[in-house]
Amino acid sequence: MERAEKELSSELYEDLVRLYRHCVVRGLSPDTLYTYLNRSLLFLNYVQKLGKSLDDLELDDVEEYLSSISNPLSRKVYVRAIRCFAKANIKEHPVFYRLSRQIKYPKEKVKLPELPSSMDVNRLIQCARQPYKSIIVMLYEGGLRRCEALSLKYGDVEDWDIGYRVRVKYSKSLPRTVFVIRYAYVLREWLQQHRSKEREDWLFYNTFGEPIRPSALTMYIHRLCKRIGLNPKLLLPHNLRHLRATEMYKERKFTELLLMKYFGWKTRKMIDVYAKITVDDLEETVRELYGIKKEERKTLFCPKCGLRIEFSAQYCPRCGTKLDTEELREKALREEERFIKLLRLLEKKIRDNPELLSKILDLVKADLNSQQST
13 MERAEKELSS
23 ELYEDLVRLY
33 RHCVVRGLSP
43 DTLYTYLNRS
53 LLFLNYVQKL
63 GKSLDDLELD
73 DVEEYLSSIS
83 NPLSRKVYVR
93 AIRCFAKANI
103 KEHPVFYRLS
113 RQIKYPKEKV
123 KLPELPSSMD
133 VNRLIQCARQ
143 PYKSIIVMLY
153 EGGLRRCEAL
163 SLKYGDVEDW
173 DIGYRVRVKY
183 SKSLPRTVFV
193 IRYAYVLREW
203 LQQHRSKERE
213 DWLFYNTFGE
223 PIRPSALTMY
233 IHRLCKRIGL
243 NPKLLLPHNL
253 RHLRATEMYK
263 ERKFTELLLM
273 KYFGWKTRKM
283 IDVYAKITVD
293 DLEETVRELY
303 GIKKEERKTL
313 FCPKCGLRIE
323 FSAQYCPRCG
333 TKLDTEELRE
343 KALREEERFI
353 KLLRLLEKKI
363 RDNPELLSKI
373 LDLVKADLNS
383 QQST
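In this text, residue positions in the sequence shown follow our numbering: the first is 13, and each later residue adds one.
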C-alpha cells in the first residue's frame with residue numbers, strides 16, 4: 013500500500029483502500045488479497061496514464077489493457093481483480109461497475125498434466141531422506157497441496173487402527189481430513205524421531221528447526237530425481253496430488269461429493285479434468301471385446317497382526333511388518349536351519365558329557381518352580 017500511495021493520485025489511492033477493506037471483510041486469504049491489490053494497482057497506473065477517470069473509461073480501453081497480457085490464465089486473474097475492485101467501489105463509481113460486468117473472462121483450454129507413474133513415486137519415496145520422505149507421502153497418498161503439507165503441526169496427525177488421520181486446517185480451499193495407510197510406516201518413522209512431539213510444533217522442519225520453505229521442498233525433489241534417474245518435470249509436488257486424484261477417480265469407489273471433500277474442491281470443475289485424463293472405461297471395453305480379463309489384485313495378510321491388505325504394499329500399515337512373502341519364507345527357513353544346528357550342537361555336547369543333560373534338567377525344573385511360586 014505504501015507503493016500505491018506514492019504512485020497513485022489521492023482519489024485512486026482511496027479507491028484501492030476500499031478494495032483492501034472489501035477483501036478483508038470477505039475473509040479472502042492473504043495470497044488472494046495481495047494478488048487483487050497488485051493487479052488492481054497495475055490497472056490503475058494504466059488508467060492514470062490515460063488521463064481518464066474510472067467512470068469515463070470505455071470497454072475498448074479495458075480490453076486494450078487486457079490484450080497486452082498474453083497468458084490466458086494471467087488475464088483471467090486480472091479480470092477477476094478488476095471486477096472485485098469495481099464491486100468494492102460501486103457507490104463511488106457506478107458507471108465503472110456496470111462497465112466491469114461487460115468484461116468477459118478469457119476462454120481457457122484445460123491442459124491435461126503429464127503425470128508420473130506410481131512406481132516412480134514409490135521409488136522417489138524410498139530414496140528420499142526424512143523429513144522429505146514423509147512430506148512426499150503427504151503430497152501423494154494424502155493428496156495435499158505443497159503449502160498444506162508444510163503448514164501441518166504435530167498435533168494434526170492422529171493414530172488410527174490401520175494408519176494415520178491427518179487434519180488439514182490451513183488450506184486455500186476447505187479444511188478436511190485425509191488418511192495415510194499404505195505409507196503409514198514412513199510417517200511412523202518420522203513421528204518417532206520428531207524433536208519435541210508437542211502438538212503445536214511444526215510437523216516438518218529443517219536442520220535449523222525452522223519450517224521447510226516450499227521452494228526448498230521443490231528443489232530437493234528436483235535434485236533427488238536427477239540423482240536417481242527420474243524425470244523432475246513429471247515429479248513436481250503438485251503433480252503428486254494430481255496423480256492421487258486420478259487414481260482415486262479411476263477406482264470408482266469414491267462418489268464425486270466424496271472426492272470434492274477429500275481434495276478440498278469447492279466445485280466439481282477438477283473432476284471434469286480427471287475424467288478427461290482417465291481412459292479406464294475405454295480400456296475395459298476393449299478388454300471385454302477381445303475377451304481379456306483384468307488381473308485381480310492379490311489380497312495380503314500381515315503375518316504378525318493379521319491385517320487384511322487389499323492394495324500393493326511393502327509394509328503392514330498397522331504394525332510396520334515387511335510383507336514380502338518370499339523374503340519372509342527365506343527368513344523362516346534361515347531361522348529353522350539355525351535352530352536345527354543348535355539342536356545338533358546340543359546333542360553332541362550331551363554325548364560328550366552326559367552330566368550336562370542332568371544340569372540342564374535341573375535348571376529347567378528350578379525355572380518352572382520359580383514361575384509357579386510367583
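By construction, the Cβ of each residue, glycine as well, lies at the ideal position given by its N, Cα and C atoms.
Remember, it's a predicted structure, so these values are computed and weren't measured experimentally.
Check your understanding: If we count the other Cβ atoms within 10 Å of its Cβ and call it buried at 16 or more, is Asn-101 buried or exposed?
Key -> buried
Review point. In three-state DSSP terms, what is Glu-222?
Key: coil
Point to revise | Beta bridge counterpart(s) of Gly-276 as assigned by DSSP | key: None, per the DSSP bridge assignment.
Point to revise | Option nearest Ser-130 by Cα separation, candidates Glu-17, Leu-354, Asp-374 and Asn-251 | key: Asn-251
Exercise for review: Find out if the Cβ-Cβ distance for the pair Asp-213, Lys-165 is shorter than 8 Å.
Suggested key: Against a cut-off of 8 Å, the Cβ pair of Lys-165 and Asp-213 comes out as a contact.
Check your understanding: How do the stretch 232–245 and the stretch 168–188 stand: do at least 3 beta-carbon pairs fall below 8 Å, yes or no?
Key -> no
**Study point:** Euclidean distance between Cα positions of Lys-273 and Arg-51
**Key:** 31 Å
Review point. How close, in whole Å, do the beta carbons of Leu-255 and Leu-162 come, if the pair is a contact with beta carbons under 8 Å?
Key: Actually they do not touch by this definition, with Cβ atoms about 19 Å apart.
Point to revise | Glu-268 versus Ser-65 - alpha carbon distance | key: 47 Å
Review point. According to DSSP, which residues form a beta bridge with Tyr-176?
Key: Asp-171 and Val-192
Check your understanding: For Tyr-182, which of helix, strand or coil comes out of DSSP?
Key -> Tyr-182 falls in the coil class under three-state DSSP.
Exercise for review: Express the C-alpha separation of Leu-354 and Trp-202 in angstroms, rounding to a whole number.
Suggested key: 39 Å
**Study point:** Secondary structure, alpha helix (DSSP H): runs of 4+ residues fully inside the stretch 204–255
**Key:** 226–240
Practice item. Provide the residue span of the alpha helix (DSSP H) that contains Thr-47, from first to last. Key: Segment 42–62, the alpha helix (DSSP H) holding Thr-47.
Practice item. From the DSSP output, in three-state form, read off Lys-116 for me. Key: coil
Point to revise | Gly-167 to Tyr-32 span [Cα, whole Å] | key: 34 Å
Check your understanding: Straight-line CA distance for Gly-63 to Tyr-77?
Key -> If you take the alpha carbons of Gly-63 and Tyr-77, they lie about 14 Å apart.
**Study point:** Cut-off 6 Å between Cβ atoms - residues of its own chain near Pro-128, not counting five sequence neighbours on either side
**Key:** Once the five neighbours on either side are set aside, the close Cβ partners of Pro-128 are Leu-246 and Leu-247.
Check your understanding: According to the Cβ coordinates, are Asp-72 and His-105 closer than 8 Å?
Key -> no
**Study point:** Integer-rounded CB distance, given that Ser-112 should sit under 8 Å from Ile-94
**Key:** 6 Å
Review point. What span of residues does the alpha helix (DSSP H) with Asn-134 cover, start to end?
Key: 130–139
Check your understanding: Is there contact here, the stretch 168–186 with the stretch 129–148, by at least three beta-carbon pairs under 8 Å?
Key -> no
Check your understanding: To the nearest whole angstrom, what separates the beta carbons of Leu-369 and Ile-362, a pair I think is in contact under 8 Å?
Key -> 5 Å
Practice item. Answer with buried or exposed for Ile-148, where buried requires no fewer than 16 other C-beta atoms within 10 angstroms of its C-beta. Key: With 16 or more other CB atoms across the displayed protein chains lying within 10 angstroms of its CB, Ile-148 is buried.
Point to revise | Own chain partners of Leu-215 with C-beta closer than 7 Å, once the 5 adjacent residues on each side are dropped | key: Leu-164, Lys-165, Tyr-166, Asp-168 and Val-169
Point to revise | Lys-99 in three-state terms, based on DSSP | key: helix
Exercise for review: Return helix, strand or coil for Lys-371, following the three-state DSSP convention.
Suggested key: Here Lys-371 carries a helix assignment [DSSP, helix/strand/coil].
Exercise for review: Return helix, strand or coil for Lys-165, following the three-state DSSP convention.
Suggested key: strand
Point to revise | Cα-Cα separation, Arg-200 to Tyr-176 | key: So the alpha carbons of these two residues sit roughly 9 Å apart.
Exercise for review: Grab the span of the alpha helix (DSSP H) containing Ile-81 for me, first residue to last.
Suggested key: From DSSP, Ile-81 is part of no alpha helix (DSSP H); its letter is neither H nor E.
Review point. Relative to the C-alpha of Glu-222, which residue among Ile-233, Ala-98 and Arg-207 is closest?
Key: Arg-207
**Study point:** 8 Å CB neighbourhood of Arg-158 in its chain, flanking five on each side removed
**Key:** Leu-151, Pro-226, Leu-229, Thr-230, Pro-249 and His-250
Exercise for review: Could you tell me if Ala-98 is buried or exposed, where buried requires 16 or more neighbouring beta carbons within 10 angstroms of its beta carbon?
Suggested key: With 16 or more Cβ atoms within 10 Å of its Cβ, Ala-98 is classed as buried.
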